[in-house]
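Colleague: Heads up: the sequence shown begins at 248 in this note's numbering, then just goes up one per residue.
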Amino acid sequence: MEGAHLVDVDVHEDALEDGEAEQEDGQQHRLPRKSADEGEDDQEERGRRKDESEHPVGLDRGAAENVEADKEELHDDAEEEEDCQPVEEHSRLRHAGILPPMAVVTQREFGLFIDGETVEPASGEVRELTEPATGAPLAKAAMAGEADVDRAVEAARAALEGPWGKTPPNERSRLLHALADAIVANRKELTELETRNVGKAVSSVKGEVAVSAENFRWYASAIASIAGRTTPIGGSILAYTLKEPVGVAAQIVPWNYPIMMAAWKLAPALAAGCTVVLKPDPATPLTVLRVAELAAEVGIPAGVVNIVPGDGPTTGSYLVQHPGVDKVAFTGSTATGSEIMRLCAEPVKRLSLELGGKSPNLVFADANLADAVPSSVYAIYYAAGQSCDARSRVLVERPLYDEFVNSFSETAAKMKVGDPLDAETQMGSLISQAHRDKVHGLVETGRKEGAEVITGGEPTDGDGAFYPPTVLAGVENRMAVAQEEIFGPVVTVIPFEDEAEAVRIANDVKYGLTATVWTSDPGRGHRLARQIKSGVIGINLPNTAFPGLPFGGYKQSGFGREGSLETIEMYLETKTVFVSTGGKPVNPWGL
Ligand code: NAD
248 MEGAHLVDVD VHEDALEDGE AEQEDGQQHR LPRKSADEGE DDQEERGRRK
298 DESEHPVGLD RGAAENVEAD KEELHDDAEE EEDCQPVEEH SRLRHAGILP
348 PMAVVTQREF GLFIDGETVE PASGEVRELT EPATGAPLAK AAMAGEADVD
398 RAVEAARAAL EGPWGKTPPN ERSRLLHALA DAIVANRKEL TELETRNVGK
448 AVSSVKGEVA VSAENFRWYA SAIASIAGRT TPIGGSILAY TLKEPVGVAA
498 QIVPWNYPIM MAAWKLAPAL AAGCTVVLKP DPATPLTVLR VAELAAEVGI
548 PAGVVNIVPG DGPTTGSYLV QHPGVDKVAF TGSTATGSEI MRLCAEPVKR
598 LSLELGGKSP NLVFADANLA DAVPSSVYAI YYAAGQSCDA RSRVLVERPL
648 YDEFVNSFSE TAAKMKVGDP LDAETQMGSL ISQAHRDKVH GLVETGRKEG
698 AEVITGGEPT DGDGAFYPPT VLAGVENRMA VAQEEIFGPV VTVIPFEDEA
748 EAVRIANDVK YGLTATVWTS DPGRGHRLAR QIKSGVIGIN LPNTAFPGLP
798 FGGYKQSGFG REGSLETIEM YLETKTVFVS TGGKPVNPWG L
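#1: Please say whether A388 and R374 have beta carbons closer to each other than 8 Å?
#2: Closer than 8 Å is the cut-off here; do at least three beta carbon pairs connect the stretch 479-489 with the stretch 605-618?
#3: Relative to ligand 1, is the shortest distance from any of its heavy atoms to the C-beta of L760 smaller than 7 Å?
#4: Using only the alpha-carbon positions, how far apart do T821 and A432 sit?
#5: Is it the case that the CB of N503 approaches a heavy atom of ligand 1 more closely than 7 Å?
#6: State yes or no: is the C-beta of D528 nearer than 7 Å to some heavy atom of ligand 1?
#7: Tell whether a beta-carbon distance below 8 Å holds between G810 and G795.
#8: Do you know whose CA, among A681, A670, M674, A729, lies nearest A696's CA?
#9: Which value, in whole angstroms, describes the spacing of the CA atoms of G703 and S654?
#10: Quick one, are the C-beta atoms of V690 and V737 less than 8 Å apart?
#11: Which stretch, first to last residue, makes up the beta strand (DSSP E) that contains M390?
#12: For the candidate residues M726, A391, E491, whose alpha-carbon lies nearest to that of G358?
#13: Using 8 Å for Cβ pairs, my map puts T791 next to T814. What's the rounded Cβ distance?
#14: Considering only their Cβ atoms, is the gap separating A753 from I779 smaller than 8 Å?
#15: Can you list, in chain order, the residues of its chain whose CB lies under 6 Å from that of G563, leaving out five sequence neighbours each side?
#16: Since I believe N417 is in contact with T531 (beta carbons under 8 Å), could you give me their beta-carbon distance rounded to a whole number of angstroms?
#17: What number of angstroms, rounded off, separates the C-alpha of G475 from the C-alpha of E491?
#18: Just to confirm, does F357 get its C-beta within under 7 Å of one of the non-hydrogen atoms of ligand 1?
#19: So what's W502 in DSSP terms, helix, strand or just coil?
#20: So is V686 buried or exposed if we call it buried at 16+ other beta carbons inside 10 Å?
#21: Based on the DSSP secondary-structure assignment, which residues constitute the bridge partners of N220?
#22: Looking at the unbroken alpha helix (DSSP H) that takes in K413, where does it start and where does it end?
#23: In the structure shown, what three-state DSSP assignment does A283 receive?
#24: With burial defined as no fewer than 16 other Cβ atoms inside 10 Å of the residue's Cβ, what is the status of L600: buried or exposed?
#25: Measuring straight from C-alpha to C-alpha, what distance separates R537 and R771?
#26: Which of the three DSSP states is assigned to T707 in this structure?
#27: Between T213 and ligand 1, is there a pair consisting of the residue's CB and a ligand heavy atom that are separated by less than 7 Å?
#28: Could you tell me which of V718, A630, V824, D684 sits nearest to E657, measuring between CA atoms?
#29: Under a three-way DSSP split, which group does L340 fall into?
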């Protein structure tokens, strides 16, 4: 669910335009201003970058227009706040003490969010978070331990049995709309917080924040669809079904889309009437904690949303096994999902899993390359490849192979990689140096397996966790680089002879999350949509997600669907009620 696959819709721009209000404490959260000289230098630098800028890659026309609009707004923002600097400069100024070590988010420490308020962790653990793009200090964040999880589950249970359980659907809907409005009103702060915390390009994060608001809005409306049904079964019996919230939901999300994953999880749970204890990744809890604060501000009762950042194997595992938890919803790696499934087996906990992917992108010789090449670049390098739906296996029909590899590599090499806070940046940093080492290790494995590195393939120097867009050609589908989720800006390009072989290679992987097909033959597009085993298929379009449409995996990419009516069902129990309408004795054995 690459965010930009969600970004290229008018609705997001509209959402942003709706809410011009700044947060009340905007002054406190503003970026430090620079001296006049520094400001002038930056203006010059921004002008130069704008002149040099390429047209955005990988988007259809409507999407490109939106991105241009985004850029304009971001430039406005930048001029207003003077927040765009080359990443090295940013880093240098901070290290030299010219910029304070703290920026928008570092004005405060982040506690846990339990029972409607920010609290100190019983664990006593507070971690220093750094910006992956610069290595500079970012914020301090509290980490939850077992006692904190106990407290959060207790608060969630009390809210379920208390105020939230008594809140009627129309009021839940109003509150979700209010939370969407609050996210829009605070979008600048949330966008900057997320960009600094994750290192992703601000142009992407802007869309992800907007779509998070949109997601709450969609579920606010979808509440109206929650209903049982009456079924005529004859005789003097009335039979109907009731939909009831599953109860307390434990939700665990990864670091790659913190706010969007939290919105995907929280909104359907609250729509269904559940209460939540959500564990973000310990490295990226900041926007999720702000969303919880906003939830309280708009009037969502205490205990409905609880946020407990912490380590997976300890805090996460404890939360999953907590006897007060009725349902577990997990997004993350297949290995962790498998472990969580084991933990849920004995108590037979309700479970949904959104896991990894190694998604194919099939390019047939009859494809329109003017769309297929830039869109294929976009589909792998969005979020620096740190997306579950990254189309990381590009399969190309043999006669087109060399031309496609050249054109793809040239386009990838032109991407703007750099300061995540620069509005022109298309790819920011990876989440950490450690993750970059892992990505590079897999590229090295590819080299040893016989893959040819056409572009990229070496970590970028400097403090930030940057890795260039990398293309591996001459890849066979059996190689580790074609089978394992690299979760970085690395694509493998594999040739195929005909349609049957394309389908075979596309399906020859343990995952089945998304796929894209490029062909000018509509019949082939529909044929492949049925033959490829994955939860989402795009035909001549890189998009994978939109509020209201199911997103999820086949095979080891998990089970359950996000973003849709199917998701609400995962938070509901269905109860069947039989009622005698009288008229004859109820005495089955004639006793
Ligand atoms: P991860 O599995 O290491 O961690 C995900 C979350 O699980 C984190 O919050 C982590 O702290 C927690 N966790 C780790 N071990 C745990 C345990 N034993 N018990 C409970 N919780 C535990 O994954 P990651 O590296 O953070 O995220 C990347 C993975 O997520 C990739 O595989 C990616 O494809 C997947 N992902 C999937 C989707 C989707 O919708 N299918 C979306 C985003 C990311």
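The beta-carbon is built from N, C-alpha and C at its ideal position, and this holds for glycine as well. Quick caveat: nothing in here was measured; it's all calculated off a predicted structure.
Modeller: Here's the rundown:
#1: Translated into the one-based positions of the sequence shown, residue 374 becomes position 127. Translated into the one-based positions of the sequence shown, residue 388 becomes position 141. It is a contact, given that the beta carbons lie within the stated cut-off.
#2: no
#3: Position 513 of the sequence shown, counted from the first residue, corresponds to residue 760. Result yes, Cβ under 7 Å from ligand 1.
#4: In the sequence shown, residue 821 corresponds to position 574, counting from 1. In the sequence shown, residue 432 corresponds to position 185, counting from 1. Rounded to whole angstroms, T821 to A432 spans 37 Å at the Cα level.
#5: Indexing the sequence shown from 1 puts residue 503 at position 256. Under cutoff, so the answer is yes.
#6: Here residue 528 corresponds to residue number 281 of the sequence shown, with the count starting at 1. Result yes, Cβ under 7 Å from ligand 1.
#7: By one-based count along the sequence shown, residue 810 stands at place 563. By one-based count along the sequence shown, residue 795 stands at place 548. Yes. Within cutoff.
#8: Residue mapping note: residue 696 aligns to position 449 of the sequence shown, counting from 1. Going by the sequence as given, residue 696 is Glu instead of Ala. The shortest C-alpha separation from E696 is found at A729.
#9: The residue labelled residue 703 in the question sits at position 456 within the sequence shown. The residue labelled residue 654 in the question sits at position 407 within the sequence shown. If you take the alpha carbons of G703 and S654, they lie about 15 Å apart.
#10: Numbered from 1 along the sequence shown, position 443 holds the residue referred to as residue 690. Numbered from 1 along the sequence shown, position 490 holds the residue referred to as residue 737. Closer than 8 Å, so yes.
#11: Taking the first residue of the sequence shown as position 1, residue 390 is located at position 143. Counting along the chain, the beta strand (DSSP E) containing M390 begins and ends at 384-390.
#12: By 1-based counting over the sequence shown, the position of residue 358 is 111. Ranking M726, A391, E491 by Cα distance to G358 puts A391 first.
#13: Residue numbering aside, residue 791 sits at position 544 when the sequence shown is read from its first letter. Residue numbering aside, residue 814 sits at position 567 when the sequence shown is read from its first letter. With 8 Å as the limit, T791 and T814 do not qualify as a contact, their Cβ atoms being about 16 Å apart.
#14: Numbered from its first residue, the sequence shown carries residue 779 at position 532. Numbered from its first residue, the sequence shown carries residue 753 at position 506. Yes, the Cβ-Cβ distance between I779 and A753 is below 8 Å.
#15: For this step, residue 563 is matched to residue 316 along the sequence shown. Contacts found: I499, K526.
#16: For the purposes of this step, residue 531 is taken as the residue at position 284 of the sequence shown. For the purposes of this step, residue 417 is taken as the residue at position 170 of the sequence shown. Not a contact, Cβ separation roughly 34 Å.
#17: Position 228 of the sequence shown, counting from 1, holds the residue named residue 475. Position 244 of the sequence shown, counting from 1, holds the residue named residue 491. C-alpha separation (whole angstroms): 9 Å.
#18: For this step, residue 357 is matched to residue 110 along the sequence shown. False, no ligand heavy atom lies under 7 Å from that Cβ.
#19: As a first step, residue 502 is located in the sequence shown; it is residue number 255 there, counting from the start. Here W502 sits in coil by DSSP.
#20: Within the sequence shown, the letter at position 439 stands for residue 686. With 16 or more other Cβ atoms within 10 Å, it is buried.
#21: There is simply no residue 220 to check, as the chain begins at 248 and stops at 838 in what is shown.
#22: The residue given as residue 413 occupies position 166 in the sequence shown. Where K413 is concerned, there is no enclosing alpha helix (DSSP H), given that its DSSP letter is neither H nor E.
#23: Translated into positions along the sequence shown, residue 283 becomes position 36. Here the model assigns A283 a pLDDT of 32, short of 50, so the residue's position is not dependable, and the following value carries that caveat. Residue state, collapsed to three classes: helix.
#24: By 1-based counting over the sequence shown, the position of residue 600 is 353. Burial call: buried.
#25: Translated into the one-based positions of the sequence shown, residue 537 becomes position 290. Translated into the one-based positions of the sequence shown, residue 771 becomes position 524. Approximately 46 Å, taken between the alpha carbons.
#26: Taking the first residue of the sequence shown as 1, we reach residue 707 at position 460. T707 falls in the coil class under three-state DSSP.
#27: The structure shown does not extend to residue 213, since the chain spans only 248 to 838, so no value can be given for it.
#28: One-based indexing of the sequence shown puts residue 657 at position 410. The shortest Cα separation from E657 among V718, A630, V824, D684 belongs to V718.
#29: As a working note, residue 340 is residue 93 in the sequence shown. Its pLDDT being 46, under 50, L340 is placed unreliably by the model, and the measurement read from it follows with that caveat. In this structure, L340 counts as helix in the three-state DSSP scheme.
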